[in-house]
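Undergrad: Residues in the sequence shown are numbered from 22 upward in steps of one, following the working numbering.
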Amino acid sequence: MLNIKNIIFGFAIFILTIFVGIYGLSTLYGEAPEYGDYCPENLFNQSVCESEGGVWVENTRLVTDERDGIKAVPVSGGYCQYDYTPCQKDFENAEKVYFKKIFLTALPLGILIVLAGALIPVLESVSAGLMLGGVGMIVYGTGTYWRFTDDWMKFVLSLAGLIILIYAAYWFNKKEKGFWKRLFRGK
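#1: Provide the residue(s) that pair with residue 100 in DSSP beta bridges, ordered along the chain.
#2: Give the DSSP-derived three-state secondary structure of residue 51 in the structure shown.
#3: State yes or no: is the C-beta of residue 141 within less than 7 Å of the C-beta of residue 147?
#4: Do residue 46 and residue 123 come within 7 Å of each other at the CB atom, strictly closer than that value?
#5: How is the alpha helix (DSSP H) around residue 112 delimited, first residue to last?
#6: Can you name the start and end residues of the alpha helix (DSSP H) that residue 161 belongs to?
#7: In three-state terms, what does DSSP make of residue 58?
#8: Using only alpha-carbon positions, find the residue among 164, 139 and 116 that is nearest to residue 188.
#9: CB-CB under 8 Å to residue 77, same chain, minus the five flanking residues each way: which ones, in chain order?
#10: In the DSSP assignment, the alpha helix (DSSP H) including residue 71 goes from what residue to what residue?
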């Protein structure tokens with residue numbers, strides 16, 4: 022029978038596990054680097070953009086001309102192509118270092134939380150909430166660093182995580198069945 026209280030408990034544990042993990046990592050490693058700490062905020066001005074090593078790109082709008090077909094026509098304003106600024110490279114390097122720490126902590130932490138949830142077979146709401154929270158930590162940890170990771174590394178990490186969780190699910194379910202058999206036989 023479905024118990025609505027256990028579903029709510031499980032969902033609350035899931036959400037709070039993610040919050041504890043994310044804010045715990047933020048407390049441990051500090052806040053993520055911010056763009057303004059590395060690059061001037063006024064790169065929206067063509068002269069500042071170019072003096073900082075950026076490339077100014079004029080805004081354009083596509084219009085249809087009967088003689089020339091579709092063409093780009095300049096409109097007022099533009100933007101700074103940040104990829105060319107040295108400060109952008111510094112910012113991206115700082116992000117990469119920061120998110121690598123988050124990733125290397127959150128991924129194993131998430132796996133441990135999933136396994137801890139699996140060790141609590143009697144309280145389904147706690148078990149399910151912790152396991153979902155652990156999955157949330159895995160998603161958070163990998164999501165922050167994913168853009169800096171090569172495809173082969175994404176494949177290896179995903180495969181390793183999948184193998185670990187399939188093995189853990191098999192092992193815990195096998196162990197749990199033995200637990201229930203012993204419980205009901207009185208041994």
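Every residue gets a Cβ at the ideal spot worked out from N, C-alpha and C, and that includes glycine.
All of these numbers come straight from a predicted model, not from anything done at the bench.
TA: Working from what's here:
#1: 78
#2: coil
#3: yes
#4: Annotated as proximal: residue 123 and residue 46, with beta-carbon spacing under 7 Å.
#5: 107-139 is the span of the alpha helix (DSSP H), which, as asked, contains residue 112.
#6: DSSP places residue 161 inside the alpha helix (DSSP H), whose first and last residues are 145-166.
#7: helix
#8: 139
#9: Correct list, in chain order: 67, 70, 71, 99, 100, 101 and 102.
#10: 67-72
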